[in-house]
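Residues 415 to 696, numbered by our numbering, are exactly what the sequence shown covers, in order. Here the structure is laid out as structure tokens; the discussion comes afterwards.
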Amino acid sequence: MTNQEGEGKHGSEVERFSSRLASLVKVPSSRIAEFVDSSALELQQQLAVIDEVDGRFEAILTAVRRDPDQGLQAFAGLDLRIVSRDHGWRDILAREELRQRDALPFLVVALEKYIEYLHFRRRLLAFILERRALMESASRGDLSPFMATLRDVSRRETSAFDRPARDLGAMASDVYRRLPAREAYLLHFPADEEMTLVLAGHPFRMSRGTEVLTLKDENGAAYQIPPGSHTVGRARDCDVVLDANLREISRRHLVIEWDGESRLTLMDVSHLGSFVPKGNAD
């Protein structure tokens, strides 16, 4: 095989690789459904993350084009946990062959296509936020009767636009502490005490009876929790299904495990956090 034939074969492989990745730059339908079910705060948070991740990938791509050795080093140091699992992107970018000097054209294609995916995801999130704002305006009567007819009558109400994201940062204070993400947090909770548990800015008054724990939200709705381990959130398959209108709360927000006595274990699995009064930990 001549050198020209070898280059042609290599070029064809890169083209096939590029063509295959081109089908992966759009957000899958399952992810779109998740976005539609998220609060405005969650969507805004994801936009901020995408901007940060996009900046890192753009910098690596620029480095690869200018100085391949430096670019490969930067790519090797990338924490792949920031890469989405959609369409298997994390597995694709984790391939060892992409870190080889002779596979540089494939790496450039992979970086370009993943950046396209990020841009598509950003546009989708922005569209959902814009559409939801339109729905909110229509519900308040800010739009003309003609524009108001564009409302999606099946939408869920949300107060997310009335709760700025910056307010959530103030919840961790001298009084409350934010639970560590996905770590068991042990509390001592005697029967004669009450405490306020804050889920993404929404206060829940927790009290303990002889057989159940009771959570009462800011609107007065009460949720009873027997001994055992229970998931708490807005999703219908949670053990404790909270009010769907509390959109800042994640679909699966918290795991509560109660031994029926004073031992209470909490695990936060949410986007915007769970907060407990300081001084309650065992």
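Idealized CB from N, CA, C, for every residue including glycine.
*Give me whichever residues DSSP pairs with P691 in a beta bridge.*
One-based indexing of the sequence shown puts residue 691 at position 277. Paired residue(s): Y590.
*Do you know offhand how far P519's Cα is from A473's?*
Here the question's residue 519 lines up with position 105 in the sequence shown. Here the question's residue 473 lines up with position 59 in the sequence shown. Taking the straight line joining both Cα atoms gives about 17 Å.
*Using three-state DSSP, classify I529 as helix, strand or coil.*
Translated into positions along the sequence shown, residue 529 becomes position 115. Three-state result, I529: helix.
*Cut-off 8 Å between Cβ atoms - residues of its own chain near A517, not counting five sequence neighbours on either side*: Here residue 517 corresponds to residue number 103 of the sequence shown, with the count starting at 1. Taken in chain order, the residues that qualify are E511.
*Rounded to whole angstroms, what's the CA-CA distance from F449 to L457? Just pull it up for me.*
Sequence index remark: in the sequence shown, residue 449 carries index 35 (1-based). Sequence index remark: in the sequence shown, residue 457 carries index 43 (1-based). Whole-angstrom Cα-Cα distance: 7 Å.
*Can you tell me whether D505 is buried or exposed, with buried defined as 16 or more other CB within 10 angstroms of its CB?*
The residue given as residue 505 occupies position 91 in the sequence shown. Flag for D505 reads exposed.
*Assigned secondary structure, A385 (DSSP; H/G/I helix, E/B strand, else coil)*: One cannot answer for residue 385 here, as it falls past the ends of the chain, which runs 415 to 696.
*asked:* Looking only at its chain, what residues have a beta carbon closer than 6 Å to the beta carbon of F689, apart from the 5 residues adjacent to it on each side?
replied: Within the sequence shown, residue 689 is the residue found at index 275, counting from 1. Excluding positions up to five away in sequence, the list reads M585, Y590, R592 and V612.
*Per DSSP, the bridge partner or partners of H501*: Here residue 501 refers to the residue found at position 87 when the sequence shown is read from its first residue. For H501, which the question treats as bridged, DSSP gives no partner whatsoever.
*In whole angstroms, what is the alpha-carbon distance linking R565 and D465?*
Position 151 of the sequence shown, counting from 1, holds the residue named residue 565. Position 51 of the sequence shown, counting from 1, holds the residue named residue 465. The predicted model places R565 with a pLDDT of 37, which falls under 50 and marks its position as unreliable; any figure quoted below should be read in that light. Answer to the nearest angstrom: the Cα atoms are 30 Å apart.
*Per DSSP, which one or two residues make a beta bridge with A636?*
Taking the sequence shown and counting its residues from 1, one reaches residue 636 at position 222. The partner list for A636 (beta bridge, DSSP) reads K630.
*What residue ranges within the stretch 449-520 form continuous alpha helix (DSSP H) runs of no fewer than 4 residues, ordered along the chain?*
454-480, 482-490 and 503-507
*asked:* Check whether the stretch 662-679 and the stretch 599-610 are in contact - that is, three or more C-beta pairs closer than 8 Å.
replied: yes
_Using a 10 Å radius around the Cβ and a threshold of 16 neighbouring Cβ atoms, would you call S684 buried or exposed?_
Taking the sequence shown and counting its residues from 1, one reaches residue 684 at position 270. With 16 or more other Cβ atoms within 10 Å, it is buried.
*Please state if the CB of R535 and the CB of V655 are separated by a distance shorter than 8 Å.*
Mapped onto the sequence shown, residue 655 falls at position 241. Mapped onto the sequence shown, residue 535 falls at position 121. No, these two residues do not count as a Cβ contact at 8 Å.
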